[in-house]
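Written out below as structure tokens is the structure these notes cover.
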Amino acid sequence: MKYFFANWKMYHTYKEATALIDEIKNTSTNDDVTSVYFPNDLAIMYAVKQLGSPHVGAQNVAWAPAGAYTGATSAFLYREAGVSYALVGHSERRYIFGETNDAVRKKMEACIDADVVPILCIGETKEDIDDDKREYRLKKQLYTALEDLDMQGKELFVAYEPVWAVGTGEPCSPQIVAEVADWIRAQVQEEFDTHVVKILYGGSIHKDNVSSYFSTGKIDGVLVGGASTKKHSLFPLLQQING
Ligand code: PGA
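Numbered by the numbering used here, the letters in the sequence shown go through residues 1357 to 1599 in order.
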């Protein structure tokens, strides 16, 4: 099974998101590919209605289940709306909105409690690379999120998204992604006793480079931002992934 996760961020108007959802609904996909779309919150229920619950995810969740949390939407509320997945700890949440590793951990727990599959996003910055701290950064993010976490039988997805590769047009090489994927797999299996982990790569993926990541045999899927948001780049990309 290959995974294609499309993070639409805040790129679309409601009209643009719903129009693209309609186009996606009318295309056929290979049974070996799981496609999940992460639209903005205003279009999310439309996506559930048109694409079906297993194909829709939230870009972020609040860690609290309910109550006096102005502006927040909990994993429970997403689940009730038919959303199946959620991105947790995306680099834009961490670095633009100041989300800490502890908040990421709480969001992992909130998703599991609400029966939403969390996609844990981790990745180092350019400064981390310059300081030779890639492993340090990834380890910190991974450990805070996963140590002693009861996945309650849920699938574990970890998306490796180097911050310097997200939205920059400067992807991480397939060879480095493969090495990091091996490292993540080993960490998860040795330290957290979780034997099945699905590894995704995200960061400047498009139709011409996507196959080079899958062909390493080390990743299970891709998390795509920019190239998934427009019909002219999305459909050729899907074609490549569907083979
Ligand atoms: P990008 O974003 O494909 O635009 O680099 C990836 C992501 O943020 O998940």
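Cβ coordinates follow ideal geometry from the N, Cα and C atoms, glycine included.
message: For the pair the region 1406 to 1419 and the region 1465 to 1482, tell me if three or more CB-CB distances fall below 8 Å.
response: yes
field: Rounded Cβ spacing between residue 1442 and residue 1431 (contact assumed at less than 8 Å)
entry: 6 Å
- prompt: Opposite residue 1516 in the DSSP bridges: which residues?
  reply: 1478 and 1557
message: Using 8 Å for Cβ pairs, my map puts residue 1528 next to residue 1534. What's the rounded Cβ distance?
response: 10 Å between Cβ atoms; not a contact.
- prompt: Considering residue 1444, what are the terminal residues of the beta strand (DSSP E) in which it resides?
  reply: 1441 to 1444
message: To the nearest angstrom, how far is the alpha carbon of residue 1476 from that of residue 1447?
response: 10 Å
Cβ distance (whole Å) where residue 1511 is taken to contact residue 1554 below 8 Å: 6 Å
- request: Indicate the three-state DSSP secondary structure (helix, strand or coil) for residue 1384 in the structure shown.
  value: coil
- prompt: How would you call residue 1599, buried or exposed, if buried means at least 16 neighbouring beta carbons within 10 angstroms?
  reply: exposed
- prompt: When you compare only the Cα positions, how much space is there between residue 1387 and residue 1586?
  reply: 23 Å
query: Under the three-state reduction of DSSP, which class applies to residue 1523: helix, strand or coil?
result: coil
Residue burial classification, residue 1543 (beta-carbon count within 10 angstroms, cutoff 16): buried
message: If you follow the alpha helix (DSSP H) that residue 1567 is in, where does it begin and where does it stop?
response: 1566 to 1570
- request: Might you give, ordered along the chain, the residues of its own chain that have their beta carbon closer than 6 Å to the beta carbon of residue 1589, omitting 5 neighbours on each side?
  value: 1583
task: Express the C-alpha separation of residue 1460 and residue 1411 in angstroms, rounding to a whole number.
output: 23 Å
- prompt: So, residue 1391 versus residue 1438, is the Cβ gap smaller than 8 Å?
  reply: no
- prompt: Could you give the distance in angstroms between the alpha-carbon of residue 1563 and the alpha-carbon of residue 1466?
  reply: 34 Å
task: Would you check whether the ligand PGA has a heavy atom nearer than 7 Å to the C-beta of residue 1580?
output: yes
task: Give the DSSP-derived three-state secondary structure of residue 1453 in the structure shown.
output: coil
query: According to the Cβ coordinates, are residue 1380 and residue 1407 closer than 8 Å?
result: yes
- prompt: What does residue 1390 pair with, by DSSP beta-bridge criteria?
  reply: 1359
field: Where residue 1428 falls: helix, strand or coil (DSSP)
entry: coil
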